[in-house]
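Okay, structure first, notes after.
Protein chains: 2
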Amino acid sequence: MRQDTRSTCPISTGLEIVGDRWTLLVIRDMMFAGKRHFREFLQSEEGISSNVLADRLAMLVERGLVTRAGDPAHAQKAIYSLTEPGIALLPVIASLSRWAQVHFPATRRPEARVFLDGDEAAIAALQQALRREHLASGGR
Amino acid sequence: MRQDTRSTCPISTGLEIVGDRWTLLVIRDMMFAGKRHFREFLQSEEGISSNVLADRLAMLVERGLVTRAGDPAHAQKAIYSLTEPGIALLPVIASLSRWAQVHFPATRRPEARVFLDGDEAAIAALQQALRREHLASGGR
Chain V
0 MRQDTRSTCP
10 ISTGLEIVGD
20 RWTLLVIRDM
30 MFAGKRHFRE
40 FLQSEEGISS
50 NVLADRLAML
60 VERGLVTRAG
70 DPAHAQKAIY
80 SLTEPGIALL
90 PVIASLSRWA
100 QVHFPATRRP
110 EARVFLDGDE
120 AAIAALQQAL
130 RREHLASGGR
Chain A
0 MRQDTRSTCP
10 ISTGLEIVGD
20 RWTLLVIRDM
30 MFAGKRHFRE
40 FLQSEEGISS
50 NVLADRLAML
60 VERGLVTRAG
70 DPAHAQKAIY
80 SLTEPGIALL
90 PVIASLSRWA
100 QVHFPATRRP
110 EARVFLDGDE
120 AAIAALQQAL
130 RREHLASGGR
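As you go down the protein sequences, you meet chains V and A in turn.
Mapped onto numbering that gives the first Met the number 0, the consecutive letters of the first sequence carry residue numbers 0 to 139.
Mapped onto numbering that gives the first Met the number 0, the consecutive letters of the second sequence carry residue numbers 0 to 139.
Here it is, written out as structure tokens:
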């Protein structure tokens, strides 16, 4: 992947790439809500605006975390897929979900239970399912 | 801790609290560089501005991730400490560090090797050392 960051610290570099609330919410929607189209991301409860969404999707494609396919003449029909580095963010999101559920019990929910429990086997299975769904090779 | 967020999704809630590059860089500096004073945070290589730093430190205190102690008449002398929820962010930062080091090899560095390796025992020991250093009770 392209690296074009101000610091060589891994944490700082990671934050330059995904350290923005909307960026990780787009990844969340691709991972857990099966969203693949521009219009679907707009419908999330956090209310992302279409210009912020367009900016974050373009950045994710440029940084190699997401690919975009479809007819260039029909922007509405473009389909977005996670790449392997994008799918590899799952453990980061899982640990953030766990932290929030531990410290803000109001956020606990059945579908996020695997993260609260830190169920490594379930997280690995989820990652494998994302590879089958998003990677052209099916992750093989 | 106070929760005052737009969504009850744990990922969204987590991002509302720490999903900002500067916020996690302040936590990083407290965890790994032993920084406790306003002036020390200003010296990080990423070049945080003093107004952004003041804003993020106030937010971290308000949200209960950091405490501030010291003479109110000498703002320069205030000392910041991590709380247990702040220290509990270590696994989130560790998995972000690992992700960056795997996908951006230029960020690999000896002192972050424990995160690249996902060395759980070393991470737990680091967390325990932070408790001794930051919590009044010494984490006992």
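We put the beta carbon where it would ideally sit given N, CA and C, even for glycine.
Notebook entry, point to check: Name the residues in the segment 77 to 99 of chain V whose C-beta lies less than 7 angstroms from a C-beta of chain D; which are they?
Noted result: In the structure shown, chain D does not exist; the protein chains are V and A.
Next item on the list: Give the secondary structure of residue 7 of chain V by DSSP, where H, G and I count as helix, E and B as strand, and everything else as coil.
Entry: Correct three-state label for residue 7 of chain V: coil.
Notebook entry, point to check: For residue 23 of chain V, which residues in chain A fall below 8 angstroms Cβ to Cβ?
Noted result: Within 8 angstroms Cβ-Cβ: 10, 14, 18.
Next item on the list: Check residue 92 of chain V in the structure and name its three-state DSSP category.
Entry: Looking at residue 92 of chain V - three-state DSSP - the assignment turns out to be helix.
Next item on the list: Give a yes or no on whether the minimum CB-CB distance between residue 130 of chain V and chain A is below 9 angstroms.
Entry: Under the 9 angstroms criterion on CB atoms, residue 130 of chain V is classed as non-interfacial with respect to chain A.
Notebook entry, point to check: residue 41 of chain V: buried (16+ other C-beta within 10 angstroms of its C-beta) or exposed?
Noted result: Of the other Cβ atoms in all chains shown, fewer than 16 fall within 10 Å of the Cβ of residue 41 of chain V; this residue is therefore exposed.
Notebook entry, point to check: What whole-angstrom Cβ distance do residue 23 of chain V and residue 46 of chain A have, given they're in contact under 8 angstroms?
Noted result: Rounded to the nearest angstrom, the Cβ distance from residue 23 of chain V to residue 46 of chain A is 24 angstroms, too far for a contact under 8 angstroms.
Next item on the list: Scan the segment 34 to 60 of chain V and note each continuous alpha helix (DSSP H) run of 4 residues or more that stays entirely inside, going in chain order.
Entry: Taking only runs of at least 4 residues, the alpha helix (DSSP H) segments lying wholly in the segment 34 to 60 of chain V are 37 to 41.
Next item on the list: Sort A:90, A:132, A:130, A:133 by Cα distance to residue 116 of chain A and report the nearest one.
Entry: Minimum Cα distance to residue 116 of chain A is reached at A:90.
Next item on the list: Measure how close the beta-carbons of residue 26 of chain V and residue 125 of chain V come, nearest whole angstrom, since I'm counting them as under 8 angstroms.
Entry: Actually they are not in contact, since the Cβ atoms of residue 26 of chain V and residue 125 of chain V sit about 13 angstroms apart, beyond 8 angstroms.
Notebook entry, point to check: Which residue from V:21, V:77, V:86 puts its Cα closest to that of residue 58 of chain V?
Noted result: Restricting attention to V:21, V:77, V:86, the CA atom closest to the CA of residue 58 of chain V is found in V:21.
Note to self: Three Cβ pairs or more, each shorter than 8 angstroms: is that satisfied between the segment 91 to 108 of chain V and the segment 49 to 57 of chain V?
What the structure shows: Under the 8 angstroms Cβ criterion, the segment 91 to 108 of chain V does not count as touching the segment 49 to 57 of chain V, having fewer than three qualifying pairs.
Check: Closer than 9 angstroms, CB to CB, is residue 108 of chain V near chain A or not?
Finding: Chain A contact via Cβ: present.
Checklist line | Chain-order list of residues whose beta-carbon lies under 6 angstroms from that of residue 68 of chain A (same chain, five-residue window excluded) | finding: Once the five neighbours on either side are set aside, the close Cβ partners of residue 68 of chain A are 78.
Notebook entry, point to check: Counting only beta-carbon atoms, is residue 146 of chain V nearer than 9 angstroms to chain A?
Noted result: Because chain V here runs from 0 to 139, residue 146 of chain V falls outside it and cannot be looked at.
Note to self: Taking the straight line between their C-alpha atoms, what separation do you get for residue 52 of chain A and residue 37 of chain A?
What the structure shows: If I take the Cα positions, the gap works out to 8 angstroms.
Next item on the list: Give a yes or no on whether 9 angstroms exceeds the smallest Cβ distance from residue 7 of chain A to chain V.
Entry: Yes, because at least one Cβ of chain V sits closer than 9 angstroms to the Cβ of residue 7 of chain A.
Next item on the list: From the DSSP output, in three-state form, read off residue 24 of chain A for me.
Entry: Helix, per DSSP.
Notebook entry, point to check: Does residue 114 of chain V come within less than 9 angstroms of chain A when only Cβ atoms are used?
Noted result: Using a Cβ-Cβ cut-off of 9 angstroms, residue 114 of chain V counts as an interface residue toward chain A, since at least one Cβ of chain A sits closer than that to its own.
Item checked: DSSP state of residue 62 of chain V mapped onto helix, strand, coil -> Coil at residue 62 of chain V, not helix or strand.
Check: Quick one: what's got a C-beta closer than 6 angstroms to residue 60 of chain A's C-beta in the same chain, skipping five residues either side?
Finding: Beyond the five residues adjoining it in sequence on each side, residue 60 of chain A comes within less than 6 angstroms, by CB distance, of 67 in the same chain, given in chain order.
Checklist line | Where the beta strand (DSSP E) through residue 81 of chain V begins and ends | finding: For residue 81 of chain V, the enclosing beta strand (DSSP E) covers residues 78 to 81.
Next item on the list: Give me the Cα-Cα distance between residue 119 of chain V and residue 86 of chain A, rounded to the nearest whole angstrom.
Entry: The alpha-carbon atoms of residue 119 of chain V and residue 86 of chain A are separated by roughly 22 angstroms.
Margin query: Taking only three categories from DSSP, how would you classify residue 67 of chain V?
Written below: Residue 67 of chain V: strand per DSSP, three-state reduction.
Checklist line | Contact with chain A by residue 27 of chain V, beta-carbon distance below 9 angstroms | finding: Interface residue (Cβ-Cβ distance to chain A less than 9 angstroms): residue 27 of chain V is classified as such.
Item checked: Cβ-based burial, residue 13 of chain A [other Cβ within 10 Å; buried from 16] -> Counting Cβ neighbours within 10 Å, residue 13 of chain A comes out buried, since at least 16 surround it.
Note to self: Please tell me whether residue 45 of chain V has its Cβ less than 9 angstroms away from any Cβ of chain A.
What the structure shows: For residue 45 of chain V, at least one C-beta of chain A is nearer than 9 angstroms to its own C-beta.
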